[in-house]
Structure formats: structure tokens, C-alpha cells
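Engineer: First residue of the sequence shown: 54, per this note's numbering; consecutive thereafter.
Where is the CB? At the ideal position from N, CA and C, for every residue including glycine.
Let me begin by handing over the structure; questions about it come next.
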Amino acid sequence: ASRFADVAQAPPDPILGVSEAFRASTNPNKLNLGVGAYRDEDLKPVVLNVVKKAEGNIFSRNENKEYLSIEGLEGFRRATVDLLLGQGHPAIQEGRVAAIQSLSGTGSLRVGAAFIARFLKGATVYISNPTWGNHRNIFGDEGVEWKHYRYFDAATVGLDFKGLTEDLTAAPPGSVVLLHGCAHNPTGVDPTPEQWAAIADLCKERNLLPFFDVAYQGFATGDLDKDAFAPRLFVERGLEILVSQSYSKNLGLYGERVGALVMVVQDKESATRCLSQLKRLARALYSNPPTHGAKIAAEVVNNKELFDEWKVEMRGMAGRIERVRGELQAALEAKCPQKDWSFITRQIGMFSFTGLSPAQVDNMTNKHAVYMTRDGRISLAGLNSAKVEYLADAIVDSVR
Ligand code: PMP
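What follows is the structure, encoded as C-alpha cells:
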């Protein structure tokens, strides 16, 4: 018998497992609204034009495949901090930003979790309820204790700001608060600017460390600066922050694993020391980050022409999602006027949190071949106009 005979079967991932089930389905009407990956109006994956152009430029330079330094590609590190804080931000000029290129959002969060485990010993990480499912794995696997703070109010399909405030006020000083920078996953519900300011003040008063997960910059509103409002506000208010950034969605670089962990701290000396420790952690985790995707991102951000074209393409993606949101809401209002569907266009980003129960989701999948996560989240990136009626019928059948 194998020495591994006692290794138990791990459960399928709640999000990526949906894609596996979708692929296995032979239903011609099947619809994959599980994973948050952008699709065009033909529901095909998209490679952005600016990415193709950037790759053309990169290939023409005939570069080698040597290792990057542990902290990653210089041009990418500068670009990613510029995108986050805005070019020429005082914190950049003062040298108090530490940035390490890492393995997309997930890898950057994991390096952050490792940093917390090593240097903020005993700190608890507060995670919104609900949240992207992998947050729990990332901190849990690093041995970092995590707890939920209240976030979503099912009655209003909005933010439970009172619950959030109470839970963060009760958190022990020195705790870490994980915040979604914009386009909260899975709810699509973000704090208002005033609420963000109140959360920043609360973090300051209670000595909590904000850790922003920025996976959708440019994807929420179609505007890179607007979507960076929250982390910029926190820095403006004098808070030290951690940020993980991902280029999976906004540049469509999912499989290239492009991202960064950024720390904005009080002074240059701390930034230098923190970066040295981030490098030490990364060295043992994966040694150095991949080259290709970082070169693409740097090429796009640092080339004015490509940068402007990227913004147009990003608005195009955000706009298509907004449009199908509107169409889905209208179809549901027509088919089921006794229910309030206005939450669909109030929510922002890639997802709609439908409020469907696990049993209703099972009906969506088993009867209608609509594949989605059991928390009731649907990715609008996987929907097109042609499928709106079909989806609306399936939802109405499932909520009845
Ligand atoms: N955070 C959130 C909230 C996400 O939705 C995602 C992508 N699903 C990520 C992080 C990280 O994704 P990636 O590792 O592909 O950058």
C-alpha cells in the first residue's frame, strides 16, 4: 500500500471547482458564471490589444530569460506603485514605499500573510463576511488567526456599516483589517467615500493596520484613479497600509501571475527594512517572480500611447459588464415585478450577489446548467445579451 494511503481527498475549490463542473457538462445551454474572468460578447476569453502590442515590443528587444531580482522588475515596481498612489505621490518621493513584485494577487496576499505571521506575532486578521473564499486559506495556511467582521446586510442588499463599525471597534489594537480596495468580492457593495473616511479614522483610533486587497483597480468604475480612492485616502490620513495588487482582471493577465505587495510606511528607514524582509520571505517561498507578465505590465504603464489605449480597453470591459447588469435587471423586472431587482445595478465590479440560497443555486445548476458559486454570486463577465433572457428565466424559476 502507498505510504500516502491515508491522505484524505481535499474538497474541490468552491470557485475553481465550478469551472471544472462546467467543463464536464454536456448541456448546450450551459453558462459559466463562476470564476471572475472577463469574457467578450461571444463569451470568449480576451487578450487585450495593448497586451499584444506590449508583447510585440518585448519580443523585438530579444531579451534574455535570466532571473529577476527577488523584488522583481524595476520598471514594473515603479509602475505598480504609481498606479496605486498616483505618479509623484509624496510617499514615493519620500522613499517610504516598499514594493515587491509577487505572484499576482494571491501570491502577494500570501507574502503579506507571511510578513504578518513573522513580524506582527499574535495579530488577528479581520476579514469581511462574506469575502473571496481564498482569503481564509491564505491566512489560515500561514498560521495567522483570522476572524470575520460584519459587512453585508441581506435585508438592504447593502453595507452593514453599523455591524462593521462595531466589530472593528471591538478588535484588539494591533489587529489587521483586510479591506477590498474596490468592487468588493463577492457582494459588489463598497463603502461610500464618507464611510471610507470613517473606517480610516476608526483604524487610526483603534491602532488597526489596514491591508487592502486591490484586485479590480480600473474594473469597478473603468477609471484607475477613482478605483484607488480608498487606499489613497488612508495614506492621506497618515495611516500605514499594506496593499496587494493584481493585474489578472484589469490587464487580463490571469495566467501570467502579475502583482505586487506594497507597504506604505511612516519613514524611509522602515520601508528599507521591510523590503529586505519581504525579500527574505519571498526567497524561501518562490525565490523570484516571473518575468513575462511583469514586462507586459511595465511596458503598458510606462508607454504613454499604450497606457492611454489600455484605459480605453478597460472602460470597454467595465462598460460591457455595466450594460449586461442593466439588461439582466430589466429582464428580471419584466418577468418578476413583485421583487426588487435594483440591487443588480447598484452593485459594482464583476459580480452580482444575487441572494440565491444554496438550494436555489443547486436548482440553477442542476436544472438550468447555470454554473455559479453556492454563495449566490454570479460573474457578470460570463454573461452576454444573448443569454440574459435564459439567465433571468432560470433565476425566476429558482426563486419561486
Ligand atoms: N482578491 C480578490 C478579492 C479576488 O477576487 C481575486 C481574484 N479572483 C484575487 C484577490 C487574486 O487573484 P489573482 O491571484 O489571480 O491575482
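Looking only at its chain, what residues have a beta carbon closer than 6 Å to the beta carbon of T159, apart from the 5 residues adjacent to it on each side?
Structural biologist: In the sequence shown, residue 159 corresponds to position 106, counting from 1. Counting only Cβ-Cβ distances below 6 Å, and skipping sequence neighbours, we find nothing.
Engineer: Look at P244 and F214 and say whether their C-beta atoms are less than 9 Å apart.
Structural biologist: Position 191 of the sequence shown, counting from 1, holds the residue named residue 244. Position 161 of the sequence shown, counting from 1, holds the residue named residue 214. Taking 9 Å as the Cβ cut-off, P244 and F214 qualify as a contacting pair.
Engineer: With K200 as the anchor, note down where its alpha helix (DSSP H) starts and where it stops.
Structural biologist: As a first step, residue 200 is located in the sequence shown; it is residue number 147 there, counting from the start. Taken as a continuous stretch (DSSP letters only), K200 belongs to no alpha helix (DSSP H), being part of the beta strand (DSSP E) at 199-203.
Engineer: Identify whether N419 lies in helix, strand or coil by the three-state DSSP scheme.
Structural biologist: As a first step, residue 419 is located in the sequence shown; it is residue number 366 there, counting from the start. Here N419 sits in helix by DSSP.
Engineer: Mapping DSSP to helix, strand and coil, what is R430?
Structural biologist: As a working note, residue 430 is residue 377 in the sequence shown. Of the three classes helix, strand and coil, the one that applies to R430 here is strand, per DSSP.
Engineer: Just to confirm my understanding: we take S405, look at its own chain, exclude 5 residues before and 5 after, and list those with CB closer than 8 Å. What are they?
Structural biologist: On the sequence shown, residue 405 is found 352 positions in, with the first residue counted as 1. Within the same chain, S405 has close Cβ partners G241, R378, L381, F396, I397, R430, I431, L433.
Engineer: Mind listing, in chain order, the residues whose beta carbon lies closer than 6 Å to a non-hydrogen atom of the ligand PMP?
Structural biologist: My final list is G89, S157, G158, T159, W185, H233, N238, D266, A268, S299, S301, Y307, G312.
Engineer: May I ask you to report which of helix, strand or coil DSSP gives H237?
Structural biologist: Along the sequence shown, one-based indexing puts residue 237 at 184. In this structure, H237 counts as coil in the three-state DSSP scheme.
Engineer: Output yes or no for whether 9 Å exceeds the beta carbon distance between M316 and I349.
Structural biologist: Locating residue 316 in the sequence shown gives position 263, where the first residue counts as 1. Locating residue 349 in the sequence shown gives position 296, where the first residue counts as 1. For M316 and I349, no; Cβs fall outside 9 Å.
Engineer: Please go through the region 118-186 and give each complete beta strand (DSSP E) segment of 3 or more residues, from N-terminal end onward.
Structural biologist: 150-156, 178-182, all fully within the region 118-186.
Engineer: Can you tell which of A347, A383, R376 has its C-alpha closest to the C-alpha of E127?
Structural biologist: Position 74 of the sequence shown, counting from 1, holds the residue named residue 127. The shortest Cα separation from E127 among A347, A383, R376 belongs to A347.
Engineer: May I ask which residues mark the beginning and end of the beta strand (DSSP E) holding P284?
Structural biologist: Locating residue 284 in the sequence shown gives position 231, where the first residue counts as 1. Premise fails: P284 lies in the alpha helix (DSSP H), 282-289, not in any beta strand (DSSP E).
Engineer: Can you tell me the Cα-Cα spacing of N341 and Y204, whole angstroms?
Structural biologist: Locating residue 341 in the sequence shown gives position 288, where the first residue counts as 1. Locating residue 204 in the sequence shown gives position 151, where the first residue counts as 1. For N341 and Y204, the distance between alpha carbons rounds to 36 Å.
Engineer: Would you mind working out which of A268, I448, P67, G308 sits nearest S299, comparing C-alpha positions?
Structural biologist: Numbered from 1 along the sequence shown, position 246 holds the residue referred to as residue 299. S299 has its Cα closest to that of A268, out of A268, I448, P67, G308.
Engineer: In terms of alpha-carbon separation, which member of D220, A208, G275, D266 lies closest to H188?
Structural biologist: For this step, residue 188 is matched to residue 135 along the sequence shown. Checked all of D220, A208, G275, D266; the closest Cα to H188 is D266.
Engineer: Classify E366: buried if its beta carbon has 16 or more other beta carbons within 10 angstroms, exposed otherwise.
Structural biologist: Reading the sequence shown from its first residue, position 313 is the one you call residue 366. E366 should be labelled buried.
Engineer: I need the DSSP call for Q62, collapsed to helix, strand or coil.
Structural biologist: Residue mapping note: residue 62 aligns to position 9 of the sequence shown, counting from 1. Coil at Q62, not helix or strand.
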